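Residue numbers (our numbering): 3 to 133.
In structure tokens:
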């Protein structure tokens with residue numbers, strides 16, 4: 003670098019800003035194209051939490067996506083035959099509903115406005131009432 007950025011001519015600073023913005027947009031587009039369609043139109047599969055939520059907002063094994071969402075989705079799925087036919091339908095509907103409620107979190111993260119792990123957990127638990 004020939005001179006510090008703060009001393010650079012305005013045209014150079016503007017160009018640098020444009021390049022950085024282009025790189026950020028391109029990186030964001032790459033993330034968006036790697037997510038499966040199911041991330042935006044959930045079907046209730048338990049891998050949604052790892053493939054979609056954890057992909058855009060990694061919070062690890064103790065975060066909501068893996069430590070709660072996927073964990074209890076898998077438990078309900080494994081034990082589904084222990085429920086009545088109506089109970090099974092309810093479980094499947096709730097699984098889809100909970101994931102649909104999380105789509106805005108995926109979209110916000112892809113738009114460059116990711117929530118913190120704590121915010122994701124609060125948002126997700128609040129959505130449980132709806133479902």
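All C-beta atoms in this analysis are idealised placements derived from N, C-alpha and C, irrespective of residue type, glycine included.
Because the structure is a prediction, the values reported are computed rather than measured.
Looking at C-alpha atoms only, which residue of the options is the closest neighbour of residue i?
{"i": "residue 56", "options": "109, 83, 93", "result": "109"}
{"i": "residue 69", "options": "116, 45, 122, 36", "result": "122"}
{"i": "residue 73", "options": "93, 51, 60", "result": "51"}
{"i": "residue 124", "options": "87, 104, 112", "result": "104"}
{"i": "residue 133", "options": "78, 119, 100", "result": "100"}
{"i": "residue 114", "options": "64, 59, 127", "result": "59"}
{"i": "residue 71", "options": "98, 92, 91", "result": "98"}
{"i": "residue 2", "options": "92, 96, 40", "result": "The question about residue 2 has no answer here: the residues shown for the chain are numbered 3 through 133."}
Look at the Cβ atom of residue i, then the Cβ atom of residue j, and state whether they are nearer than 7 Å.
{"i": "residue 62", "j": "residue 94", "result": "no"}
{"i": "residue 48", "j": "residue 76", "result": "yes"}
{"i": "residue 102", "j": "residue 44", "result": "yes"}
{"i": "residue 107", "j": "residue 117", "result": "yes"}
{"i": "residue 66", "j": "residue 128", "result": "no"}
State the DSSP-derived secondary structure class of residue i, mapped to helix, strand or coil.
{"i": "residue 74", "result": "helix"}
{"i": "residue 118", "result": "coil"}
{"i": "residue 81", "result": "coil"}
{"i": "residue 44", "result": "coil"}
{"i": "residue 60", "result": "coil"}
{"i": "residue 87", "result": "helix"}
{"i": "residue 99", "result": "helix"}
{"i": "residue 38", "result": "coil"}
{"i": "residue 110", "result": "helix"}
{"i": "residue 69", "result": "helix"}
{"i": "residue 54", "result": "helix"}
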